[in-house]
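Chains A and B, in that order, are what the protein sequence lines are. Counted from 1, the first sequence has number 327 at position 327 by our numbering; the numbering is strictly sequential. Counted from 1, the second sequence has number 1236 at position 236 by our numbering; the numbering is strictly sequential. Idealized CB from N, CA, C, for every residue including glycine.
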Amino acid sequence: MDGIRQICGKELARVFKDGKMLFSVFILPVVIMIVVMSLVSNMSQKAEQDVEKHVPVVYVENAPVEFEGFLGQTGIACEVRDVKDREKLRDQIRGGEADLWIEFPEHFAEAVGNYQKGDEIVQVKTHYNPSEEYSRAAFDTISTGALEMYRQTLLAERVDDMQKLTVFTVNSDNPDMIIQDDQKAGGKVLGTMLPYFVTILLFAGAMGIGTDMVAGEKERGTMASLLVSPIKRSSIVLGKVFALMIISGASSVVYVAAMVVFMPQMLGGASGEDLGISLTLSPRQIGMLALLLVAIAFLYSAIIVLVSVFAKTVKEASSYVTPMYMLVLVLGIMTMFTTDAPKSWFYMLPIYNTSIALQGILTQEVTAAQYGMTLGVTLALGAVLVGVIAKAFESEKMMAI
Amino acid sequence: MIEINNLTKIYKLNKKQMKESKTTNPLKTAVDDLSLRAVPGEIYGLLGPNGAGKTTTLRCISTIIRPTKGEIYVAGHEVQKEPEQVREKIGFLTGDIKLDPQFSVDYMFDFFGRLHHVPEEKLKARKEELFEYFGIKDFAHKKIKELSTGMGQKAAIAVCLVHDPDIVIFDEPTNGLDVVTARGVTDYLKKLRNEGKLVIISTHIMSEAEKICDRIGVIIDGQKVAEGRLEEILQETGAQDLEDAFFELYRERKGEAL
């Protein structure tokens, strides 16, 4: 036990006593994440505001006399122009200089005013460019918004009793429309994202350090000095795996805390409540999550150390670890798109079971047996891997000495 | 005491290694049926050319690699059966074993001291003694990566002796050291011997072997071809000095091809 503690202590000292390491493992990723996310949300907000500010240029053909006045009344700001050259207008829309083209048929007003039963219904055509933000916005507000209002207005002139045409409404006055367990709903939203984030954070946090811990020591020639110390190979392995667990666990706690604290900035002012991800966890849920996360950190650390044992250099180890990372990532993502309730035997599949169990804890759908199975499988696999690593440490070839 | 009985170490070569050594045989015998005994209070030198099997022998003694055949007893413990006990008794140093460049000499000394279960009080005393002897005090707080080669070697020697081992195994102890530092190291080895410790070194430097070794085992192609005190080897070969004696043995072994 003492050997494990010494090795673990040294590996932790390597990270926690080195300012540069602390910065690169804990602070830099958080800063990058916050800066990038804030930048992205700021820029998209700016783009939205810019579209809102823009006064759309709308070309109207054969406009009824009162149409421009009607547009003015609706409060939708736009610059209305007459169509002179249709081909040119088409190019302008394609090029983004004009935003919308509304094509009323000739004699629109007469056709509408003199409508008799059985007459053909007149059609108003609109043209826009969906790949231009301004044009798309103009289409939304004017073509689908203002024109519909104009239709209603004309309809009201034709029909005395508009109510008669409505027949019935759906949910026009029904505040109790949504019936759900808020806790469960919050869990669902968080549950789709959490396994994914946990995977990224726990695995990515451990990747760089883990490869350095074993392959790096081999590469630098420092591993042999440990191997001639009077401690068991398994103590060296466990010391390193535990240190890696602590580092990856600590880094993921830092990341998650930073995400929670800086969430408003990253989402450009929107709070968690706006997004429906506010969630209070019961002590039981927190306990289950914590225990499972420790088990996951143990398994991931064992995987990373195992892969590093087979590599001679850190570079080689990194290239071996990447596919493992991908695999873990894909299994994490899978839970985001699975809607069926997971079958019981899914909980026997290592790594994947942790994703569905994490989700299950948050949505309170996981049973004690399923949770126990997940925990057992994860810890057992981790232990087997540690055994394999210890065996590999015995091998002269693996240790390259 | 170190007792080696019929040690054989055969390496399996991979294709690349086979190509490098221009052979089609995937097995390479590094040490071939070697037996020797070294006792406390002596410096035993393994003398031989590069690739003779000196380092392999020392690594087998240190439990870093496993013998293919034969037994090695270190202070009564067999290396394959009780490797931890063997490692407890020895201090092993080679140029390939390095200290973690990220840590200070101080930290490394304490770390290995604790791994060897050295009590805190004794650890302090050992640090004082060894740092003083090797002149490490001035750079004890520096990280290993900031040290010069000589400083690094001194630090490595001090760290490997932290637990005051009864048996000290040095692979090419003065390799890469300047004359002054090399002298310091060999003097320290003599001091250890005088304190009743067993020191076993490997070297290809004849003068070094002549000066410091009490007994010498000459190894060529993994086999021991001569063993004894310097005078005994000179007498056996009829040579004037160790270098001549070595070439005499080498010629005998390799034929007239030399």
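Is there a C-beta anywhere in chain B that falls below 8 Å from the one on residue i?
i	result
A:Gly272	In this prediction, A:Gly272 scores a pLDDT of 49, lower than 50, which makes its location untrustworthy; the coordinate-derived value is nonetheless stated afterwards. Cβ-Cβ to chain B under 8 Å: no for A:Gly272.
A:Ala224	yes
A:Val214	no
A:Met398	no
A:Lys10	yes
A:Gly3	yes
A:Gln6	yes
Any beta carbon of chain A sitting closer than 8 Å to that of residue i?
i	result
B:Ile1061	no
B:Glu1172	no
B:Gln1017	no
B:Lys1098	yes
B:Ile1064	yes
B:Arg1087	yes
B:Glu1084	yes
B:Phe1139	no
How is residue i classed by DSSP in three states: helix, strand or coil?
i	result
A:Gly272	Reliability of the predicted coordinates at A:Gly272 is poor, the pLDDT of 49 falling under 50, and no value is obtained from them.
A:Ser377	The sequence given here has Val at residue 377 of chain A, not Ser. Residue state, collapsed to three classes: helix.
B:Phe1103	coil
A:Glu148	helix
B:Ser1035	strand
A:Ala156	helix
B:Thr1186	helix
A:Gln180	coil
A:Gln225	For the record, residue 225 of chain A in the displayed sequence is Ser; it is not Gln. A:Ser225 falls in the helix class under three-state DSSP.
B:Arg1215	strand
B:Tyr1011	strand
A:Tyr128	strand
A:Pro323	helix
B:Arg1229	coil
B:Lys1098	coil
A:Ile351	coil
B:Ser1202	strand
A:Phe104	coil
B:Ala1030	strand
B:Lys1223	Strictly speaking, residue 1223 of chain B in this sequence is Gln, with Lys absent from that position. It is a strand residue.
B:Gly1238	coil
B:Leu1088	Checking the sequence shown, residue 1088 of chain B turns out to be Glu, not Leu. In the structure shown, B:Glu1088 sits in a helix (DSSP, three-state: H, G or I).
B:Cys1073	The question names Cys, but residue 1073 of chain B in the sequence shown is Tyr. DSSP places B:Tyr1073 in strand when its eight states are reduced to three.
B:Asp1171	strand
B:Lys1143	strand
A:Leu292	helix
B:Arg1253	helix
Between the beta-carbon of residue i and the beta-carbon of residue j, is there less than 8 Å?
i	j	result
A:Ser301	A:Phe26	no
A:Leu244	A:Gly210	yes
A:Ala138	A:Leu100	yes
B:Ala1158	B:Ile1144	no
B:Asp1171	B:Thr1094	yes
B:Lys1054	B:Ser1202	yes
B:Thr1186	B:Glu1208	yes
A:Ile389	A:Val294	no
A:Val256	A:Val30	no
A:Ala63	A:Phe104	yes
B:Asp1100	A:Thr222	yes
B:Thr1056	B:Ala1038	no
A:Phe70	A:Thr144	no
Taking C-beta pairs closer than 7 Å, name the residues in chain E that residue i reaches, listed in chain order.
i	result
B:Gln1102	Of the protein chains in this structure, namely A and B, none is chain E.
request  = Please confirm if the segment 1074-1092 of chain B is in contact with the segment 1237-1252 of chain B, defined as three or more CB-CB distances below 8 Å between the two stretches.
outcome  = no
inquiry  = Using a Cβ-Cβ cutoff of 8 Å, what residues of the segment 1104-1134 of chain B are near chain A? List them in chain order.
reply    = Tyr1107, Phe1111, Phe1112, Arg1114, Leu1115, His1116, His1117
inquiry  = Could you check whether the segment 1215-1228 of chain B touches the segment 1026-1043 of chain B, counting it as contact only if at least three pairs of C-beta atoms, one from each stretch, sit closer than 8 Å?
reply    = yes
key: Contact set between the segment 1188-1204 of chain B and chain A, restricted to residues whose Cβ is under 9 Å from the partner   = none
task = May I ask you to verify whether the segment 1062-1079 of chain B touches the segment 1004-1016 of chain B, counting CB pairs closer than 8 Å and requiring at least 3?
result = yes
request  = Can you give me, in chain order, the residues of the segment 218-243 of chain A that have a beta carbon less than 7 Å from any beta carbon in chain B?
outcome  = Those residues of the segment 218-243 of chain A placed with their C-beta closer than 7 Å to a C-beta in chain B are Arg220, Gly221, Thr222, Ala224, Ser225, Leu227, Val228, Ser229, Pro230, Ile231, Lys232, ordered along the chain.
message = Quick check: the segment 1159-1171 of chain B against the segment 1190-1203 of chain B, are at least 3 beta-carbon pairs closer than 8 Å?
response = yes
Within 9 Å of chain B by C-beta, residues of the segment 138-155 of chain A in sequence order = none
ask   = Counting pairs of Cβ atoms below 8 Å between the segment 317-334 of chain A and the segment 345-363 of chain A, do you hit three or more?
value = yes
Three CB pairs or more closer than 8 Å across the segment 16-33 of chain A and the segment 46-62 of chain A = no
request  = Identify each residue in the segment 1228-1251 of chain B for which the Cβ-Cβ distance to at least one residue of chain A is less than 7 Å, and report them in chain order.
outcome  = none
request  = Would you be able to state if there are at least three C-beta pairs under 8 Å between the segment 77-93 of chain A and the segment 52-68 of chain A?
outcome  = yes
message = Could you check whether the segment 314-330 of chain A touches the segment 156-171 of chain A, counting it as contact only if at least three pairs of C-beta atoms, one from each stretch, sit closer than 8 Å?
response = no
request  = Count the C-beta pairs between the segment 3-15 of chain A and the segment 230-239 of chain A that are closer than 8 Å, then say yes if the count reaches three, no if not.
outcome  = yes
query = Using 8 Å as the threshold, is the segment 1016-1035 of chain B in touch with the segment 1089-1109 of chain B, meaning 3 or more CB pairs across them?
reply = The way I'd put it, the segment 1016-1035 of chain B doesn't touch the segment 1089-1109 of chain B; fewer than three beta-carbon pairs between them come closer than 8 Å.
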